[in-house]
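These notes concern the structure reproduced below.
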Amino acid sequence: MKTILVTGGSGFIGRNLCDRLASLVEEQDLEVIVLSRSPIEAAKVLPSSVRVISDLTELCQPVDVLINLAGEPIADRRWSDKRKAIIAQSRIQTTQALYEYFAGVNKPPSIVISGSAVGYYGGGLANNQKVTEEAMIEPNFSSQLCAAWEDAAQQFERLGSRVCFLRTGIVLGKQGALSKLLPAFKLGLGGPIASGQQWMPWVHIEDVVEIIMFAIESDISGPINCTAPQPVTNREFAKTLGKVLKRPAIAPMPAVVVKLLFGQMGDELMIQGQSVIPQKLQRQGYQFKYSDLNAALRQLLMKEH
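All the letters of the sequence shown, read from the start, carry residue numbers 0 to 304 under numbering that gives the first Met the number 0.
Printed below as a string of structure tokens:
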């Protein structure tokens, strides 16, 4: 039996991943375990075949695959110094604690897949250069956060684990960023942010899950740009979302308003952006289910209009 341990299993990506893993429990003889600070609440949103624990000492067997997705939401409010510390600690300290635990067991995970984000590359300010896994970094808080998170996970290589870092773009699904955009767009009040020329590397939630499955089954390692192969500008995204919803999408949000309302968080996550492409996945032969934004949004929103 293969044992897969997931942290952050009750979050947006984690829940979708656990649904996928639960469908394979009998076929592939899996045990799926979720580590959660709120096990009772987590159990309510996860498949019944998933075992939820609150402490690593509850593990009864070696873990074959560790999927580390834990972390406080990064875009739900302004970034005060206190908030940035909480965001960082929830990722870096959790990953460090996982490493320290598995460094002390006889059989550490053979595969570690750890979260990260395209924020690793920092502030792109709408430059048009394609950003692969080897791209240079333009430092800001997001890049520092992701780099430290990846450094904590990379320690697992000392234990002989194959380690992957999922540098995810904007994940489109029933929850997440899309759900926050829909109310304004449905009212015809959506539109481009700032210049609209900043890049929005995006990915469908189904592809995120399948990329994780691909990472488990293949020999891929290191950083993985978890983004669709066709990034779009913010203006293109707004236009496409409006078209799918059959609503106008021309109401702009000037940069000064974004910075006033959201501060540094708005500047880094809404105004800046880079044209990130999944070069490593493409070279390894991963086939995207959704490479076109229009098709992805239509699939997600077919009952919304």
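No residue lacks a Cβ here, since even glycine has one placed at the ideal position from N, Cα and C. All of these numbers come straight from a predicted model, not from anything done at the bench.
| query | result |
| --- | --- |
| Pairwise C-alpha distance: ARG77 and GLU156 | 35 Å |
| N-terminal and C-terminal residue of the alpha helix (DSSP H) that SER142 is part of | 140-153 |
| Beta-carbon separation (whole angstroms), VAL275 vs VAL117, contact threshold 8 Å | 5 Å |
| Coil, strand or helix - LYS179 by DSSP | helix |
| Minimum C-alpha distance to ILE85 - residue among CYS163, ALA69, LEU97 and CYS17 | ALA69 |
| Coarse secondary structure for ASN224, derived from DSSP in three states | strand |
| Supposed close pair TYR285, PHE236 - CB separation, criterion 8 Å | Not quite, the Cβ-Cβ distance comes to about 23 Å (not below 8 Å), so this is no contact. |
| Rounded straight-line distance, which links the Cα of GLU267 to that of ALA254 | 11 Å |
| Sequence-distant residues of its chain with Cβ nearer than 7 Å to PHE184 (five each side left out) | LEU240, GLY241, LEU244, ARG246 and ALA248 |
| contact_flag[the stretch 142-162, the stretch 174-182] where n(CB pairs < 8 Å) is 3 or more | no |
| Whole beta strand (DSSP E) elements within the stretch 220-295, 3-residue minimum | 221-225 |
| For ASP206 and ILE169, the rounded distance between their alpha carbons | 12 Å |
| MET264 beta carbon less than 9 Å from that of ALA74 | yes |
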